[in-house]
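For what it's worth, UniProt numbering labels the leading residue of the sequence shown as 1, then goes sequentially. By construction, the Cβ of each residue, glycine as well, lies at the ideal position given by its N, Cα and C atoms.
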Amino acid sequence: MDPSRRAMLASTGSGRRDIASPRADPDTRVTKVGQSGAPSKTAQNAARYLSSDEQSRQFVAEEDKFVLKQSKKKADIRVREGRAMPVDSLAFNLRFIDKNRDVFDDQDADVDVELKQPVELVESLNVAQLAELDTGIRSFLALEGDQVHRQYWEGLQTICADQKSNLDPYGRNDQALRVVAANIDKILHGKTYERLELLETQVNEKIRSNEVIDNDYWEQLLANIVLRKAKAQVEKIFQTVVEARDKLAKELEPSRKPVSTAAGASTATTATAAEGQQAAVMTAFSAVGNEDVSLATKALYDREAAQGLLENEELFTAEADVPSAKKPAWAGQYRARKPKYFNRVQMGYDWNKYNQTHFDHDNPPPKVVQGYRFNLFYPDLVDKTKAPTYKIFREGGRRAGESFAPAGEEDTCLVIFIAGPPYEEIAFRVVDRPWDFSAKRDRGFKSAFDKGILQLHFNFKKIFYRK
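See the structure below:
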């Protein structure tokens, strides 16, 4: 062996090592010195990704939400078309207090649907209907995550089970029931939900105790307490539903005024369930004056308003008269309404050569308009295949690029938005300067109609002066 190599191998067995050299590691060939306490990149990457179990749970949760939403939609459709099963009517009740419902699925005629009193509905069913209802309740309970909704279905499940037991000739000892029924009714009569809960705790303690008691009596008393609690809970939730429905009906009342009394009377007397629904949708386009007050419009407006204003933005409400406006051809069929909108004007400083000479950041020049963001809401279009549009109108025959304004002032023009029934045209007066149609994010032009919202966003071109 080469002497130098023998010397190198012999040196590796010593306990001394250059502190700057890589250290030996049983798992890896070389371990570099890292910062103590800092998480490794592998650990950071692992934290970004869900485990397979977490991914599965998340997927199942999203799938359950989708299935629940579709089940509610199907129930609503069957109720509106007059072919509802008992579970559909019970599910329809909850839509008025459902925080997660899609407002685009709402119909103004929903407030006219007769709500079924849950307890009375369950107690009116036969054995076969109760079995079918029990299956439907279990399906909703397996998917529902809202606490109030779960209390509603759990209460109905208890009532359904009791009613099935009442109708089963082999389910109970009728003679024993008659003996204790009067006494139990006397004890539980007029008890509030809170009092029933306390009484349930006391009865459970009595049954679990070592005392010599009549088990049949106390178990029957406990079953009646649970049943009365379920009925009280369901009736309380149903009362909340009725109040929410009445409040909604009051909000919709101005927009539900029929176009003509004769048409309303004809619809009420001759329309079938499906035709009545269509007539209700037609009259829903009516409004007091020309204001759009539909729930879908309010939801779109609130969603846009929640985004607020940027630092350089202000609300823009400069409506103008539409030139040579004519009565639309569909005016006799629908009550024309003006679309709601939430518009913004973008303001800023123009640091041209003059302003750079006469102003500074402590004493800035007057702000000028730099662009607009129009958002108009058309959720109730009769023909949803035809998107609303816009056009530019310049008075006096002026063309784009021409200026008739006096020195020191800017020309203006009208942006007119056009849509089909039941919406009339609406116009806004804006500064007439060249638009920037570039696709840059900060200067991007946008003209789109999606989910009932027409968006027209544009900034003006920046003019750069050569020195």
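Could you pull out every residue in the same chain whose Cβ sits closer than 6 Å to the Cβ of residue i, ignoring the five residues on either side in sequence?
{"i": "Asp411", "result": "Ser403, Ala405, Asp432"}
{"i": "Phe140", "result": "Trp153"}
{"i": "Asp162", "result": "Leu227"}
{"i": "Val87", "result": "Leu133, Gly136"}
{"i": "Ser447", "result": "Leu456"}
{"i": "Asp383", "result": "Gly420"}
{"i": "Pro434", "result": "Lys461"}
{"i": "Lys386", "result": "Gly420"}
{"i": "Pro364", "result": "Tyr349"}
{"i": "Gln151", "result": "Gln233"}
{"i": "His361", "result": "none"}
So what's residue i in DSSP terms, helix, strand or just coil?
{"i": "Asn375", "result": "strand"}
{"i": "Leu309", "result": "coil"}
{"i": "Ala84", "result": "coil"}
{"i": "Leu315", "result": "strand"}
{"i": "Ala320", "result": "strand"}
{"i": "Leu115", "result": "coil"}
{"i": "Lys327", "result": "coil"}
{"i": "Asp246", "result": "helix"}
{"i": "Ile213", "result": "coil"}
{"i": "Gly155", "result": "helix"}
{"i": "Asp106", "result": "coil"}
{"i": "Asp185", "result": "helix"}
{"i": "Asp168", "result": "coil"}
{"i": "Ser89", "result": "helix"}
{"i": "Ile225", "result": "helix"}
Within the continuous alpha helix (DSSP H) that includes residue i, where are the two ends?
{"i": "Ile77", "result": "52 to 80"}
{"i": "Arg95", "result": "No alpha helix (DSSP H) contains Arg95, which DSSP labels as neither H nor E."}
{"i": "Ile207", "result": "193 to 208"}
{"i": "Glu123", "result": "118 to 123"}
Could one say the Cβ of residue i lies closer than 7 Å to chain C's Cβ atoms, at least one of them?
{"i": "Phe428", "result": "Absent from the structure: chain C. Only one protein chain is present."}
For the putative contact between residue i and residue j, defined by C-beta atoms under 8 Å, what is the C-beta separation to the nearest angstrom?
{"i": "Phe449", "j": "Phe458", "result": "With a Cβ gap of about 15 Å, Phe449 and Phe458 do not count as contacting."}
{"i": "residue 530", "j": "Ala84", "result": "As shown, the chain starts at 1 and ends at 467. That puts residue 530 outside it, with no answer to give."}
{"i": "Val203", "j": "Leu221", "result": "6 Å"}
{"i": "Ala320", "j": "Leu454", "result": "The pair is not a contact, with the Cβ atoms about 18 Å apart (cut-off 8 Å)."}
{"i": "Ile418", "j": "Glu425", "result": "5 Å"}
{"i": "Thr297", "j": "Phe377", "result": "5 Å"}
{"i": "Leu252", "j": "Val79", "result": "That belief does not hold up - the Cβ atoms of Leu252 and Val79 are roughly 18 Å apart, past 8 Å."}
{"i": "Ile416", "j": "Val322", "result": "6 Å"}
{"i": "Asn343", "j": "Tyr390", "result": "Between Tyr390 and Asn343 the Cβ distance is about 12 Å, and since that is not below 8 Å, they are no contact."}
{"i": "Gln233", "j": "Tyr193", "result": "7 Å"}
{"i": "Asn375", "j": "Met347", "result": "The Cβ separation is near 18 Å, so there is no contact."}
{"i": "Glu144", "j": "Leu68", "result": "6 Å"}
{"i": "Pro388", "j": "Leu300", "result": "That belief does not hold up - the Cβ atoms of Pro388 and Leu300 are roughly 13 Å apart, past 8 Å."}
{"i": "Lys191", "j": "Leu199", "result": "7 Å"}
{"i": "Ile159", "j": "Ala230", "result": "6 Å"}
{"i": "Leu295", "j": "Asp106", "result": "5 Å"}
Please work out which residues of its chain come closer than 8 Å, Cβ to Cβ, to residue i, disregarding the five sequence neighbours upstream and downstream, and give them in chain order.
{"i": "Arg101", "result": "Lys72, Arg95"}
{"i": "Arg138", "result": "Gln157"}
{"i": "residue 520", "result": "Absent from the structure is residue 520, since the part of the chain shown begins at 1 and ends at 467."}
{"i": "residue 545", "result": "For the chain, the structure presents residues 1 to 467; residue 545 sits outside this window and is missing."}
Any heavy atom of the ligand PLP closer than 6 Å to the beta-carbon of residue i?
{"i": "His457", "result": "The ligand PLP is absent from the structure shown, which contains no ligands of any kind."}
Which same chain residues end up closer than 7 Å to residue i when comparing Cβ atoms and leaving out the 5 residues on each side of it in sequence?
{"i": "Leu248", "result": "Phe96, Val111"}
{"i": "His149", "result": "Leu94"}
{"i": "Ser89", "result": "Val79, Lys116, Leu121"}
{"i": "Ala336", "result": "Asn290, Pro328, Pro422, Glu424"}
{"i": "Phe238", "result": "Asn93, Gln117, Pro118"}
{"i": "Ala244", "result": "Phe96, Ile97"}
{"i": "Lys451", "result": "none"}
{"i": "Phe359", "result": "Pro365"}
{"i": "Arg429", "result": "Ala318, Ala320, Thr412, Leu414"}
Quiz item: Fully enclosed by the UniProt domain "Splicing factor Cactin C-terminal" (330 to 467), which alpha helix (DSSP H) runs are 4 residues long or longer?
Solution: 353 to 358
Self-check item: Unbroken stretches of the beta strand (DSSP E), 3 residues or longer, contained in the stretch 125 to 151
Solution: For the stretch 125 to 151, not a single whole beta strand (DSSP E) run of length 3 or above is found.
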